[in-house]
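Here's the structure we're looking at; comments come further down.
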């Protein structure tokens, strides 16, 4: 909700309070927040950590998971379930943030 309101003070307080939280959901939320506020250095850094934690979230956001499933690549079910949960809860935030999905696609493909 704070990302929708873009309450920078509260969000930055949360980031400071939970600076050691390295869960994928937290890292993707940080990525979106930084992107939304045009802090590309921090957004790319957060995205790198997020993808390392759970690449399926990024792939699901850019709609590449069907390709993975058809290709026969092993998919970790726990991480895939986490990706489903995050996307169900947050895809609307990414879609609402102009250019974020295209930026994500471009930066995920670079990796």
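In this note's numbering, the protein residues as written are 37 to 147.
Positions of the beta carbon are idealized from the N, C-alpha and C atoms, including for glycine.
In three-state DSSP terms, what is residue i?
i	result
residue 148	Since the first residue shown for the chain is 37 and the last is 147, residue 148 is missing from the structure and cannot be characterised.
residue 59	coil
residue 109	coil
residue 49	helix
residue 134	coil
residue 143	helix
residue 54	coil
residue 85	helix
residue 74	coil
residue 117	helix
Since residue i and residue j should fall inside the 8 Å C-beta cutoff, what is the C-beta to C-beta distance between them, to a whole number of angstroms?
i	j	result
residue 72	residue 133	5 Å
What's the gap between the Cα of residue i and the Cα of residue j?
i	j	result
residue 142	residue 94	11 Å
residue 77	residue 66	12 Å
For residue i, collect the residues of the same chain with a Cβ closer than 7 Å to its Cβ; drop the 5 residues on either side in sequence, then sort them by chain order.
i	result
residue 140	94, 97, 98
Evaluate the contact criterion for the region 82-92 versus the region 56-72: three or more CB pairs, one atom per stretch, below 8 Å.
yes
Whether or not the region 111-120 and the region 89-98 are in contact is what I'm after, with contact meaning three or more pairs of Cβ atoms, one per stretch, closer than 8 Å; do they touch?
yes
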